[in-house]
Amino acid sequence: MDFDAFFDVKNDTSNIWALLVAGSNSWYNYRHQADVSNAYHVIRDHGVSEDHIVTMMFNDIANHPNNPFPGKIFNSPDKEDVYEGVKIDYEGNDVNPSNFFAILKGQKDKIVGGNGKVIESTKKDKIFIFFSDHGATGLISMPQGIITAEEISEAHNYLHQNGLYSSLVWYLEACESGSMFESLKSDMNIYALTAANSHESSWGCYCDNKLKLPCLGDTFSVSWIMDSKKENLEVETLDDQYEIVKKLTNQSHVCKFGNFSIGHEHVAEFQGHKKSFKNSKPINFHRFKHELNKGSMPSRDIPLLLLQKELLEAQNHADSVDLSRQISKIESKRQYMDRYIHKIVKRLIHDPNNRQAVLENHPLNGIKQLKCHDVVSKFYHHNCFNLNRNPYAMKYVYVLANICDMNIPSEIIINGLSEVCGTVRITNIL
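Sequential numbering of the sequence shown, starting at 73, is according to our numbering.
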């Protein structure tokens, strides 16, 4: 037996494809691009070739006017620049759902912008997707548009039916991210880890840094990235990594979905077989967990909590007044949004008891009416509250899912939304 050839095949990374997505923009979302930049280096350091990695990132953070470290992005307080060396294939407005799905499906003819790179996988290949972003019940957002659970399901079916992967792994960082995969079938050979369950926030970390920067990362993302840097990925399985990340991410419930047998495969099968000699020093697990969580914040409230933190640290009266004004503005806009959702529910649901249930409960055991949710969420996004510009509005997408699950036709829901949303006057609800 040719043992050299055997081990060359075993350690071959040419069958690994990675799609890395930072699905947000704006300064206060610093952490998403930091997560993806760091993940890029992890994949590259473990031997996945540059031409097998597709990176989508708005790219407005490293050289942002507010950045006290121009041209650099940090994913932890140790000030290691994770931005240098990252090859971005799609940036700015090219980071959108249409390109995301074209990349994933290998459809070069449907790409608009970017450098045209797509995943050119076959039935023998492994695909790793890492997506760090904002989320809501049954959807995740991008700087331009949203992606629904229904669209993800359709994409999975396309890949499966066309033999475009042997196994596929998702790591999804977003609020309510578990809701994206509750309908994922176990026979699709897809394994998904999410930062949170279907009804809770994910958490940003290193938010109390002394670098005058927003939150540097997300707890789930920083946890798996740190683990991949330190562990022998030829020995560690995906389930091993899941258990470690679950223990580190103690303010939300890390979940797994899909074909659980994939969890027995080694992490190297999806993140690269090459031994990385970077960051090889042993890590104190308990100290790392403490540092990770002591300055963490629920993702959806980070813009408000960062301003409140600045107010506590303000050095003069003028700064205090300005920060107080900004905080009051955010709180006032949120109250407006709260009232508007009640207005929408009142228009669509006539029974007061049903109204209360729709407002108080998240969908149990997954969204039942995915197609209705897809259509209604997109209408809400385009005609009521743009979810990219009004991230607080994502908090209430579960209400739309509940209304759909009452088997009210989507046409009736949209008609009701049309009547109510014509009076929307406030935007930028953070």
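Where a beta carbon is used, it is the ideal one built from N, C-alpha and C, also for glycine.
It should be emphasised that the depicted structure is a prediction, and the values quoted were computed from it without experimental measurement.
Cutoff 7 Å; reference residue i; Cβ partners in own chain excluding five residues on either side
i: arginine 397; result: none
i: valine 158; result: Ser109, Tyr112 and Thr127
i: glycine 330; result: Phe253, Leu256, Ser258, Met260, Ile262, Tyr263 and Ala264
i: valine 114; result: Ile297, Ser300, Lys301 and Gln343
i: serine 273; result: Cys247, Ser324, Pro370, Ser371 and Arg372
i: valine 448; result: Leu472, Cys476, Ser482, Ile485 and Ile486
i: lysine 361; result: Leu320
i: aspartate 80; result: A caution first: aspartate 80 carries a pLDDT of 44, below 50, which makes its placement in the model too unreliable to give a value.
i: histidine 136; result: Trp99
i: asparagine 97; result: Phe130, Asp132 and Pro215
i: proline 462; result: At residue 462 the sequence reads asparagine, which differs from the proline that was named. Once the five neighbours on either side are set aside, the close Cβ partners of asparagine 462 are Thr499, Asn500 and Ile501.
i: glutamine 313; result: Trp296, Asp299 and Val339
i: alanine 134; result: Gly143, Lys144, Ile145 and Tyr155
i: lysine 284; result: Pro140
i: leucine 395; result: Leu379, Glu382, Leu383 and Ala386
Bridge partner(s) assigned by DSSP for residue i
i: glutamate 223; result: Note: glutamate 223 sits in no beta bridge, so no partner.
i: proline 275; result: Note that residue 275 is tryptophan in the sequence shown here, rather than proline. DSSP lists Pro370 as partners of tryptophan 275.
i: serine 98; result: Paired residues: none, contrary to the question.
i: cysteine 327; result: Thr266
i: tyrosine 162; result: Met128
i: phenylalanine 146; result: Asp153
i: alanine 473; result: DSSP, once it has assigned bridges, lists no residue as partnering alanine 473.
i: threonine 309; result: His338
Cβ-based neighbour list, residue i, same chain, cut-off 8 Å, excluding 5 preceding and 5 following
i: aspartate 74; result: For aspartate 74, the predicted structure reports a pLDDT of 47, less than 50, and the residue's modelled location is therefore unreliable. A value from the coordinates is still provided. Closer than 8 Å at the Cβ level, and outside the excluded window around aspartate 74, lies no residue.
i: leucine 364; result: Cys277, Tyr278, Thr291, Val294, Ser295 and Leu320
i: valine 417; result: Arg427, Val430, Leu431, Val471 and Ile475
i: alanine 77; result: Low confidence applies to alanine 77: its pLDDT is 43, below 50, so where it sits in the model is not reliable enough to give any reading.
i: alanine 227; result: Phe173, Leu176 and Lys177
i: valine 184; result: Asp166, Ser170 and Asn171
i: lysine 282; result: Pro149
i: lysine 524; result: Missing from the structure shown is residue 524; the chain here goes from 73 to 502 and no further.
i: lysine 450; result: Ile218 and Thr220
Sequence-distant residues of the same chain with beta carbon closer than 6 Å to residue i, five excluded per side
i: aspartate 161; result: Val126, Thr127, Gly186, Asn187 and Lys189
i: valine 182; result: Before going further, note that residue 182 is lysine rather than valine in the sequence given. For lysine 182, where only same-chain residues beyond five positions count, the Cβ hits under 6 Å are Ala174.
i: isoleucine 498; result: Lys405 and Tyr408
i: leucine 384; result: none
i: cysteine 493; result: Asn455 and Cys456
i: asparagine 168; result: Met214, Gln216 and Gly217
i: lysine 346; result: His118 and Gly119
DSSP state of residue i mapped onto helix, strand, coil
i: histidine 336; result: helix
i: aspartate 299; result: helix
i: phenylalanine 130; result: coil
i: alanine 174; result: helix
i: glycine 289; result: strand
i: arginine 120; result: Before going further, note that residue 120 is valine rather than arginine in the sequence given. Residue state, collapsed to three classes: coil.
i: valine 492; result: helix
i: leucine 92; result: strand
i: lysine 381; result: helix
i: lysine 319; result: helix
i: glutamate 483; result: helix
i: glutamate 192; result: coil
i: arginine 497; result: coil
i: methionine 260; result: helix
i: lysine 180; result: helix
i: methionine 466; result: helix
i: histidine 389; result: helix
i: isoleucine 355; result: coil
i: aspartate 107; result: helix
i: leucine 502; result: coil
i: phenylalanine 75; result: Unreliable placement is indicated for phenylalanine 75, whose pLDDT of 43 sits below 50; the coordinate value is still reported in the next sentence. DSSP places phenylalanine 75 in helix when its eight states are reduced to three.
i: leucine 376; result: helix
Short CB-CB distance (under 8 Å) between residue i and chain C
i: arginine 359; result: The structure shown contains no chain C, having only a single protein chain.
beta-carbon residue i near the ligand ADP non-hydrogen atom, thresh 7 Å
i: asparagine 139; result: This structure does not include the ligand ADP; it has no bound ligands of any sort.
Pair every Cβ in the segment 244-255 with every Cβ in the segment 333-349, then say whether three or more of these pairs are closer than 8 Å.
no
How about the segment 369-381 and the segment 427-443: do they share at least three Cβ pairs that are nearer than 8 Å?
no
Which parts of the segment 395-460 are runs of the beta strand (DSSP E), unbroken and 3 residues or longer, counting only runs that do not cross its ends?
none
Count the CB pairs spanning the segment 231-239 and the segment 205-221 that are closer than 8 Å, and state whether there are at least three.
Contact between the segment 231-239 and the segment 205-221 is absent: fewer than 3 CB-CB pairs across the two stretches fall below 8 Å.
Does the segment 98-106 come close enough to the segment 289-305 to have 3 or more Cβ pairs within less than 8 Å?
Contact between the segment 98-106 and the segment 289-305 is present, because at least three Cβ pairs lie under 8 Å.
Could you give the uninterrupted runs of the alpha helix (DSSP H) lying entirely in the segment 194-258, keeping only those of 4 residues or more?
221-233
Would you call the segment 126-145 in contact with the segment 297-315, where contact means no fewer than 3 C-beta pairs closer than 8 Å?
Taking 8 Å as the limit for Cβ pairs, the verdict is that the segment 297-315 does not touch the segment 126-145.
Is the segment 219-226 touching the segment 438-447 in the sense that three or more CB pairs, one from each, lie closer than 8 Å?
yes
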